[in-house]
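Asker:
Numbering (the numbering used here), first residue to last: 54 to 198.
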């Protein structure tokens, strides 16, 4: 986070609470590599064993944060409908923002996407580190905001 702030301090006019795929792949590309994810959890967060429950909890926390943010700011959040042009669908919300000379998030779409995620397995044979886990990429479906 410090590096992010150093690079973009002149452009920051808000608090960044989470990292989306664009930020991770563009500026924090290390977090797209298994060994860096393990480092992040172990060294930065102090979680010795990275397991499915830990990753699932991070997902649930993020989803709860998005839902709470939308609720607290009265931002509509809906599943994207197939065949509907999203720009046209959110146009009334954008016009309301324009009328009040407001800026920021005014609508959140949810959709099911398929992409790279991580799978965790316990090694077949014991290792010197009892907390060692194999973290590998896999393709799976997930909710995208």
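Don't be surprised by glycine CBs; every beta carbon is placed ideally from N, CA and C.
In angstroms, rounded to a whole number, what distance separates the CA positions of residue 164 and residue 108?
Answerer: The straight-line gap from Cα to Cα measures roughly 20 Å.
Asker: Within the continuous beta strand (DSSP E) that includes residue 196, where are the two ends?
Answerer: Start and end: 187–197.
Asker: Per DSSP, which residues does residue 118 bridge with? Please list them.
Answerer: According to DSSP, residue 118 bridges with nothing at all.
Asker: Indicate whether residue 170 and residue 195 have their beta-carbon atoms separated by less than 8 Å.
Answerer: Yes, the Cβ-Cβ distance between residue 170 and residue 195 is below 8 Å.
Asker: Residue 87 and residue 188: beta carbons closer than 8 Å?
Answerer: For residue 87 and residue 188, yes; Cβs fall inside 8 Å.
Asker: Quick one: is residue 64 buried, meaning 16 or more other Cβ sit within 10 Å of its Cβ, or exposed?
Answerer: Counting Cβ neighbours within 10 Å, residue 64 comes out exposed, since fewer than 16 surround it.
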